[in-house]
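Under our numbering, residues 182 to 953 are what the sequence shown spells out, in order.
A virtual CB, placed ideally from N, CA and C, is assigned to each residue, including glycine.
First comes the structure, then the notes that go with it.
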Amino acid sequence: MANITKKVSWSSRADEAGAPGEGTPLLNGSEPRLSRQDSLRGRPKEIPHNEKLLSLKYESLDYDNIENQLFLEEERRMSHMGFRCLEISRWVVCGLIGFLTGLIACFIDIAVEELAGFKYQVVKENIEKFTEVGGLSISLILWAVLNSAIVMIGSVIVAFFEPIAAGSGIPQIKCYLNGVKIPRVVRLKTLMVKVGGVICSVVGGLAVGKEGPMIHSGAVVAAGVSQGRSTSLKRDFKIFEYFRRDTEKRDFVSAGAAAGVSAAFGAPVGGVLFSLEEGASFWNQMLTWRIFFASMISTFTLNFFLSIYHKNPGDLSNPGLINFGRFETDTVAYNLYEIPLFIAMGAIGGLLGALFNQLNYWLTIFRIRYVHRPCLQVMEAMLVAAVTATVSFTMIYFSNDCQPLGPEHTEEYPLQLFCADGEYNSMATAFFNTPERSVRSLFHNQPGTYNPLTLGLFTLTYFFLACWTYGLAVSAGVFIPSLLIGAAWGRLFGILLAAITSTGSIWAVPGKYALIGAAAQLGGIVRMTLSLTVIMVEATGNVTYGLPIMLVLMTAKIVGDYFVEGLYDIHIKLQSVPFLHWEAPATSHWLTAREVMSSPVTCLNRVEKVGTIVDILSNTSTNHNGFPVVMEVTASEAPPKLCGLILRSQLIVLLKHKVFVELARTRLTQRKLQLKDFRDAYPRFPPIQSIHVSQDERECMMDLTEFMNATPYTVPQETSLPRVFKLFRALGLRHLVVVDDSNQVVGLVTRKDLARYHLGKHGLEELQLAQT
Numbered sequence: 182m183a184n185i186t187k188k189v190s191w192s193s194r195a196d197e198a199g200a201p202g203e204g205t206p207l208l209n210g211s212e213p214r215l216s217r218q219d220s221l222r223g224r225p226k227e228i229p230h231n232e233k234l235l236s237l238k239y240e241s242l243d244y245d246n247i248e249n250q251l252f253l254e255e256e257r258r259m260s261h262m263g264f265r266c267l268e269i270s271r272w273v274v275c276g277l278i279g280f281l282t283g284l285i286a287c288f289i290d291i292a293v294e295e296l297a298g299f300k301y302q303v304v305k306e307n308i309e310k311f312t313e314v315g316g317l318s319i320s321l322i323l324w325a326v327l328n329s330a331i332v333m334i335g336s337v338i339v340a341f342f343e344p345i346a347a348g349s350g351i352p353q354i355k356c357y358l359n360g361v362k363i364p365r366v367v368r369l370k371t372l373m374v375k376v377g378g379v380i381c382s383v384v385g386g387l388a389v390g391k392e393g394p395m396i397h398s399g400a401v402v403a404a405g406v407s408q409g410r411s412t413s414l415k416r417d418f419k420i421f422e423y424f425r426r427d428t429e430k431r432d433f434v435s436a437g438a439a440a441g442v443s444a445a446f447g448a449p450v451g452g453v454l455f456s457l458e459e460g461a462s463f464w465n466q467m468l469t470w471r472i473f474f475a476s477m478i479s480t481f482t483l484n485f486f487l488s489i490y491h492k493n494p495g496d497l498s499n500p501g502l503i504n505f506g507r508f509e510t511d512t513v514a515y516n517l518y519e520i521p522l523f524i525a526m527g528a529i530g531g532l533l534g535a536l537f538n539q540l541n542y543w544l545t546i547f548r549i550r551y552v553h554r555p556c557l558q559v560m561e562a563m564l565v566a567a568v569t570a571t572v573s574f575t576m577i578y579f580s581n582d583c584q585p586l587g588p589e590h591t592e593e594y595p596l597q598l599f600c601a602d603g604e605y606n607s608m609a610t611a612f613f614n615t616p617e618r619s620v621r622s623l624f625h626n627q628p629g630t631y632n633p634l635t636l637g638l639f640t641l642t643y644f645f646l647a648c649w650t651y652g653l654a655v656s657a658g659v660f661i662p663s664l665l666i667g668a669a670w671g672r673l674f675g676i677l678l679a680a681i682t683s684t685g686s687i688w689a690v691p692g693k694y695a696l697i698g699a700a701a702q703l704g705g706i707v708r709m710t711l712s713l714t715v716i717m718v719e720a721t722g723n724v725t726y727g728l729p730i731m732l733v734l735m736t737a738k739i740v741g742d743y744f745v746e747g748l749y750d751i752h753i754k755l756q757s758v759p760f761l762h763w764e765a766p767a768t769s770h771w772l773t774a775r776e777v778m779s780s781p782v783t784c785l786n787r788v789e790k791v792g793t794i795v796d797i798l799s800n801t802s803t804n805h806n807g808f809p810v811v812m813e814v815t816a817s818e819a820p821p822k823l824c825g826l827i828l829r830s831q832l833i834v835l836l837k838h839k840v841f842v843e844l845a846r847t848r849l850t851q852r853k854l855q856l857k858d859f860r861d862a863y864p865r866f867p868p869i870q871s872i873h874v875s876q877d878e879r880e881c882m883m884d885l886t887e888f889m890n891a892t893p894y895t896v897p898q899e900t901s902l903p904r905v906f907k908l909f910r911a912l913g914l915r916h917l918v919v920v921d922d923s924n925q926v927v928g929l930v931t932r933k934d935l936a937r938y939h940l941g942k943h944g945l946e947e948l949q950l951a952q953t
């Protein structure tokens with residue numbers, strides 16, 4: 182029998198089930214259950230930095246359609262033309278998502294270019310001014326203060342106004358598409374803070390990129406456009422009302438994430454594959470086409486408006502925020518005997534990625550424990566900005582890495598920092614430019630441009646700066662810093678290879694190895710394979726390196742996974758999110774639904790007293806969101822049997838609209854409710870405390886027959902955990918009812934019941950639920 186380690190003796194189960202929170206027995210089933218009070222006393226308060234806990238504050242999304250009588254009647258009434266119009270509407274929404282995402286990417290790019298250019302001119306003029314009088318330290322102070330001030334603005338709006346906008350947002354979007362409701366993740370306010378924050382982060386000189394946040398931005402745009410209204414602005418445009426449910430919204434958010442990738446890298450196919458590999462947990466053929474359409478519209482929109490900005494209308498040569506530049510055929514040519522070298526670089530990328538992730542893991546734990554106040558988070562961001570400026574200024578000054586100025590450098594900012602006329606500082610190019618231009622310089626600058634010693638120092642320095650920066654209270658991504666680190670050590674690898682081989686100058690082109698190193702480093706950190714391969718191929722505009730990049734990314738993932746998880750998975754686990762992976766733990770077949778379910782379960786009668794419903798909703802926490810409906814019990818009948826399932830949100834809408842049954846002249850009357858009433862309340866359903874029910878109304882009855890899901894998914898008690906997991910995960914369920922041989926409810930399986938089990942160092946381990 183498989184070995185299972187219990188982290189705690191007891192864990193409370195007041196998650197999304199209808200259970201009022203009974204204790205869970207040990208898996209051998211021999212111990213008695215705890216009482217409600219003992220269970221709550223035994224449950225620890227939430228400790229966010231402990232990845233051995235699961236947080237109860239996260240709810241699930243309703244990815245399974247609620248097939249009640251209202252839904253079925255609406256579907257029957259809809260004509261064939263009605264369904265065709267809905268399909269056309271989906272394409273229209275995806276087009277709008279791509280267009281708006283492209284516009285946002287264009288705005289971010291232009292803002293960064295203009296502000297970074299202005300900042301460079303100010304600093305450059307002061308460097309030239311104070312160098313003449315021997316006061317170079319004044320220029321350093323100005324640089325550090327300017328960067329810190331800009332970063333402070335970006336950090337303040339994140340830390341004080343919308344903390345969910347911190348970071349790239351990719352872990353949060355992964356969780357949302359997995360079925361976890363992350364509070365405020367797709368709000369309009371989040372988008373505004375995200376855009377403003379990432380502009381300040383990049384312009385402030387932090388080791389960040391603007392590409393990662395584009396994925397989050399695209400997802401927020403998709404979530405808003407698809408609903409045809411803004412709950413933040415309290416504006417309802419009365420369009421796309423059919424899409425106001427989690428199932429439809431999920432598909433559009435998948436399209437938004439793909440459109441964000443497409444705008445960032447100019448890679449529409451890579452965007453679709455990113456959404457498939459890293460984002461969407463549910464997929465179908467038509468969704469593929471719609472997502473690809475949104476991605477193409479996104480990259481075209483960005484391309485078109487950037488061509489206008491660059492005063493070349495119609496010259497569509499800027500497909501994404503980052504342009505790797507075109508690799509010439511002689512530059513990208515490689516020999517068969519170089520493939521082992523590429524694989525070795527993939528292993529190096531995996532090792533460095535594992536080191537990066539482990540260091541960032543320890544740093545994130547420290548931040549959650551000690552730097553959790555907004556004012557401290559802003560101060561840390563300013564400190565990192567000042568340190569980054571100081572380190573980069575010092576390295577530029579002492580590198581003495583001056584190179585002849587060529588025609589290809591006319592667009593770069595740092596042309597003559599600490600160099601003579603007609604020369605430019607290549608170290609300044611790497612540090613002072615926007616990260617995107619630095620990556621392009623490492624890919625395409627001629628051999629001999631970079632001094633190996635200064636390139637090595639830059640790699641080491643930028644590695645730790647990027648590791649320190651990711652997780653700050655700023656909007657920032659890790660894609661471009663990872664590419665820059667990898668491009669730096671990859672170019673160094675190529676330089677050293679050319680130096681130790683007699684014919685190295687012929688085939689060991691530094692730019693070629695910079696590209697492979699960039700892919701290896703990014704793959705070692707984020708552990709993407711298929712989508713990243715296509716993104717790199719599309720961004721370089723050359724399919725020649727498809728096979729080497731694929732091999733490098735696979736190697737980096739295999740080596741990195743041996744030591745630690747990917748960066749996004751680490752941050753998901755540190756937030757105690759009940760994330761469901763593709764498969765159940767391999768050694769969990771001996772566990773059954775009876776051993777993992779929440780029990781006992783609070784059930785409702787098909788025709789229930791209003792006062793009883795109000796009391797149940799008031800006395801159970803907001804984590805109780807699903808209630809099985811059973812046949813009414815009479816003295817002569819057998820125990821109640823399952824006849825449906827109803828959600829807390831549905832009950833609240835019914836109470837709000839006073840959908841009560843009254844006895845009027847020997848017949849029952851009930852107010853007629855439509856699906857529109859539920860869609861209008863979505864997604865911010867009011868709390869039960871805001872619903873006023875008079876004493877007379879408490880004595881009324883409520884008939885749930887028309888509103889409950891009459892065909893909920895059920896499993897027998899003896900169903901194995903992998904089968905329960907597969908059913909729950911594949912169908913996007915929120916509640917799975919466990920019944921006995923007589924179809925009586927014995928328990929309820931929710932997301933947290935399944936997410937508690939994972940493979941640890943000592944076999945199958947069970948996490949504990951933490952109280953919020």
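Assuming contact is defined by CB atoms lying nearer than 8 Å, are residue i and residue j in contact in what I supplied?
i: L483; j: G501; result: yes
i: H407; j: V274; result: Residue identity check: residue 407 is Ser in the sequence provided, not His. Cβ atoms of S407 and V274: closer than 8 Å.
i: L237; j: R937; result: no
i: Y651; j: G671; result: no
i: F342; j: V366; result: no
i: E240; j: K362; result: yes
i: M889; j: N249; result: yes
i: S411; j: L468; result: no
Go ahead and pull the three-state DSSP assignment for residue i.
i: D290; result: helix
i: E789; result: strand
i: H943; result: coil
i: N723; result: coil
i: H752; result: helix
i: H553; result: coil
i: Y863; result: coil
i: C583; result: strand
i: P893; result: coil
i: I331; result: helix
i: V367; result: coil
i: R937; result: coil
i: V840; result: coil
i: E392; result: helix
i: E295; result: helix
i: K362; result: strand
i: E254; result: helix
i: C784; result: coil
Within 10 angstroms of its Cβ, does residue i collect 16 or more other Cβ (buried), or is it exposed?
i: L912; result: exposed
i: F579; result: exposed
i: G399; result: buried
i: H916; result: buried
i: N465; result: exposed
i: R257; result: exposed
i: W771; result: exposed
i: R471; result: buried
Would you say residue i touches the ligand SAH, meaning its beta carbon is less than 7 Å from a heavy atom?
i: L253; result: This structure lacks the ligand SAH; in fact it carries no ligand of any kind.
Taking just the CA atoms, how far does residue j sit from residue i?
i: D496; j: L935; result: 52 Å
i: V384; j: E295; result: 9 Å
i: E593; j: S622; result: Reliability of the predicted coordinates at E593 is poor, the pLDDT of 47 falling under 50, and no value is obtained from them.
i: R416; j: P864; result: 14 Å
i: G360; j: V930; result: 15 Å
i: G263; j: E422; result: 14 Å
i: Y244; j: Y518; result: 50 Å
i: M778; j: N516; result: 57 Å
i: G531; j: R708; result: 9 Å
i: A403; j: S923; result: 45 Å
i: F455; j: G393; result: 12 Å
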